[in-house]
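Numbering (the UniProt record's numbering), first residue to last: 1 to 96.
In structure tokens:
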């Protein structure tokens with residue numbers, strides 16, 4: 001994974017004030033400091049980022065009138081959490 005993880009200072013700022021220093025949708029990075037995928041998934045930063053993605057996806061789906069998302073409700077939080085878990089596994093496996 002070519003991009004570095006989120007800087008430690010950004011995570012510290014997020015912990016101090018999660019509303020002001022929350023992850024953004026554009027040009028954001030993952031917290032890759034954890035030693036394993038489970039810990040990476042549990043990171044407050046990564047959880048907030050997954051939730052932010054889920055909120056945006058739900059907004060897009062709600063504003064789509066062409067039926068592309070189907071008639072059934074979608075658990076966007078679970079969907080993004082599961083997908084990012086696979087990314088976390090790949091990050092760990094790519095480490096030397």
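We put the beta carbon where it would ideally sit given N, CA and C, even for glycine. A quick note: this is a predicted structure, and the numbers were derived from the prediction, not measured.
With a threshold of 16 other CB atoms inside 10 Å of the CB of residue 33, please say whether the residue is buried or exposed.
-> Along the chain shown, read from residue 1 onward, the residue named residue 33 stands at position 33. Looking at its Cβ environment, which holds fewer than 16 other Cβ atoms inside 10 Å, residue 33 is exposed.
In angstroms, rounded to a whole number, what distance separates the CA positions of residue 10 and residue 25?
-> Numbered from its first residue, the chain shown carries residue 10 at position 10. Numbered from its first residue, the chain shown carries residue 25 at position 25. Using only the alpha carbons, I get a separation of about 15 Å.
Along the chain, which unbroken stretches of the beta strand (DSSP E) at least 3 residues long are found entirely within the region 42-76?
-> The region 42-76 contains no whole beta strand (DSSP E) run of 3 or more residues.
Shortest alpha-carbon distance to residue 73 belongs to which of 87, 83 and 54?
-> Counted from its first residue, the chain shown places residue 73 at position 73. Comparing Cα positions, the closest option is 54.
Could you name the residues of the same chain whose beta carbon sits closer than 6 Å to that of residue 61, not counting the 5 residues immediately before and after it, in chain order?
-> Translated into the one-based positions of the chain shown, residue 61 becomes position 61. Counting only Cβ-Cβ distances below 6 Å, and skipping sequence neighbours, we find 69.
Environment of residue 50 [buried if 16+ CB atoms lie within 10 Å] | The residue given as residue 50 occupies position 50 in the chain shown. So residue 50 counts as buried.
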